[in-house]
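Asker:
Protein chains in written order, with our numbering: chain A, 109 to 333; chain B, 19 to 248.
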């Protein structure tokens with residue numbers, strides 16, 4: 109219970125700092141809508157193409173804008189030299205990790221909650237599948253993205269060129285999440301039965317568990333001075 | 019003086035002979051494939067390179083874990099050299115694959131599970147090499163690279179299954195129950211080639227470690243010289 113309270117404190121601190129400047133969230137929001145608009149020009153937004161490419165557009169917009177937020181989550185701490193303060197705080201290092209994961213998760217969910225309706229409106233897309241299933245897939249996909257993303261962001265924050273390094277080291281590792289999320293989103297949009305996405309949902313869940321546990325073990329090494 | 023040890027030279031000669039044997043067995047001993055013809059000879063080196071690549075990345079994984087436990091820079095060097103060798107052999111797999119595929123199935127590339135997984139594997143370890151290439155102090159870099167070496171290796175099976183469910187089925191299954199089977203002499207050639215490549219891996223690993231040690235020495239000499247000139 110104490111552990112959870114410590115995590116909650118870190119999340120609270122991060123969210124307060126973020127919503128005073130709104131530096132990350134505004135950039136993520138604008139960027140995700142921009143990605144959608146760029147895709148509207150790249151593919152014909154009217155007609156049958158939309159249905160075929162929409163799951164891809166959505167997840168590219170989510171992950172690309174997510175990277176922006178991940179980049180800042182540890183680099184900001186480094187630049188303000190507050191990471192040392194965090195590390196000196198009487199908490200387990202893993203509490204810092206989970207705190208950051210939850211903060212990034214909340215920021216991404218806000219971005220998604222706004223950019224997804226924008227996508228539906230701009231592409232005149234009529235959602236026909238189950239909304240509940242879509243929310244489940246978005247939840248699992250975002251969690252997987254954020255857990256490994258936060259960990260690798262902490263890793264790359266040690267490098268001067270972390271903004272360049274992070275996408276290059278993150279996307280190859282992220283391939284299962286992208287495949288699973290896009291495939292199941294496509295099935296949901298095509299009104300497929302839940303049985304058709306069960307395999308993907310399991311894959312996403314397993315990925316989430318593995319990449320929440322492995323960083324849990326390895327996070328101490330990443331924050332070492 | 020940093021002279022290669024006797025055992026290293028011996029390993030070099032054994033590798034040399036084994037590679038010759040493998041070449042002989044692949045090109046002369048093994049029969050020519052009826053349908054594909056000479057192009058099928060790529061098979062022996064394609065499979066052996068793939069084996070070497072996976073083996074090299076497995077060594078990276080093991081060496082990374084041992085490094086994190088013992089903090090012995092030796093293991094860091096092994097992981098670094100092994101990753102570089104793995105990337106080289108993965109590149110060979112990715113180059114020979116399309117050449118063979120073009121001749122055998124009339125297509126350069128198919129988004130088939132093993133092929134695609136190898137491509138992602140290549141990107142994961144390129145990322146590893148990039149972490150190695152970034153400017154950080156040695157200890158820190160060793161730790162972070164080890165962490166990524168572990169993460170990357172754990173990710174590979176998940177990537178494989180994800181791509182397997184996603185992709186079509188185009189790769190011929192040569193071994194196993196549903197496979198087309200293989201001529202015994204071809205199998206001998208393949209085994210010889212895999213053994214030769216495994217020796218080649220260990221030879222390159224030793225060579226790489228020697229180069230790393232030489233670089234370390236050079237760095238120390240430079241530091242002493244700089245200290246003296248001031």
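Where is the CB? At the ideal position from N, CA and C, for every residue including glycine.
Excluding the 5 residues preceding and the 5 following residue 75 (chain B) in the sequence, name in chain order all residues of the same chain whose CB lies nearer than 8 Å to its CB.
Answerer: So the list reads 100, 101, 104, 139, 143, 170, 171, 174, once near-sequence residues are dropped.
Asker: Using the rule of at least 16 other Cβ atoms within 10 Å of the residue's Cβ for burial, across every protein chain shown, is residue 287 (chain A) buried or exposed?
Answerer: Buried, by the Cβ-count rule.
Asker: Compare the C-alpha of residue 21 (chain B) against each of B:238, B:228, B:241, B:234 and name the closest.
Answerer: Of the candidates B:238, B:228, B:241, B:234, the one whose C-alpha sits nearest the C-alpha of residue 21 (chain B) is B:228.
Asker: Is the distance from the Cβ of residue 155 (chain A) to the Cβ of residue 216 (chain A) below 9 Å?
Answerer: No, the pair does not count as a contact, with Cβ atoms beyond the cut-off.
Asker: My output table needs one value for residue 131 (chain A): the three-state DSSP class, helix, strand or coil.
Answerer: Residue 131 (chain A): helix per DSSP, three-state reduction.
Asker: Alpha carbons only, please: which of A:278, A:267, A:248 is nearest the one belonging to residue 258 (chain A)?
Answerer: Among A:278, A:267, A:248, the Cα nearest to that of residue 258 (chain A) is on A:278.
Asker: Thinking C-beta only, is residue 289 (chain A) closer than 9 Å to residue 248 (chain A)?
Answerer: The answer is yes: Cβ separation under 9 Å.
Asker: Since residue 140 (chain A) and residue 170 (chain A) should fall inside the 8 Å C-beta cutoff, what is the C-beta to C-beta distance between them, to a whole number of angstroms?
Answerer: Rounded, the Cβ-Cβ distance is 7 Å, consistent with contact.
Asker: For residue 201 (chain B), which option in B:23, B:46, B:51 has the closest C-alpha, if you only look at C-alpha atoms?
Answerer: Of B:23, B:46, B:51, the residue nearest in Cα terms is B:51.
Asker: Check whether the region 250 to 266 of chain A and the region 291 to 309 of chain A are in contact - that is, three or more C-beta pairs closer than 8 Å.
Answerer: No, the region 250 to 266 of chain A is not in contact with the region 291 to 309 of chain A.
Asker: Name the chain A residues whose beta carbon is nearer than 8 Å to that of residue 152 (chain B)?
Answerer: Chain A residues near residue 152 (chain B): 267, 268, 269, 273.
Asker: Taking only three categories from DSSP, how would you classify residue 237 (chain A)?
Answerer: Note: residue 237 (chain A) maps to coil in three-state DSSP.
Asker: Taking buried to mean at least 16 other C-beta atoms within 10 Å of its own C-beta, is residue 58 (chain B) buried or exposed?
Answerer: Per the 10 Å Cβ criterion, buried.
Asker: What residue does the alpha helix (DSSP H) around residue 219 (chain B) start on, and which one ends it?
Answerer: Note, residue 219 (chain B): alpha helix (DSSP H), 202 to 247.
Asker: On the criterion of 16 or more Cβ atoms from any shown chain inside 10 Å, does residue 161 (chain B) qualify as buried, or is it exposed?
Answerer: With 16 or more other Cβ atoms within 10 Å, it is buried.
Asker: Answer with buried or exposed for residue 64 (chain B), where buried requires no fewer than 16 other C-beta atoms within 10 angstroms of its C-beta.
Answerer: Its Cβ being crowded by 16 or more others within 10 Å, residue 64 (chain B) is buried.
Asker: Taking Cβ-Cβ distances below 8 Å as the criterion, which residues of the region 156 to 186 of chain B are in contact with chain A?
Answerer: For the region 156 to 186 of chain B, which is checked against every Cβ of chain A, the residues closer than 8 Å are 158, 161, 162, 164, 165, 166, 168, 169, 170, 172, 173, 176, 177, 179, 180, 181, 183, 184.
Asker: Assign residue 151 (chain B) to buried or exposed, taking buried as 16 or more other Cβ atoms, counted over all protein chains shown, within 10 Å of its Cβ.
Answerer: Classification of residue 151 (chain B): exposed, given that the 10 Å Cβ count is below 16.
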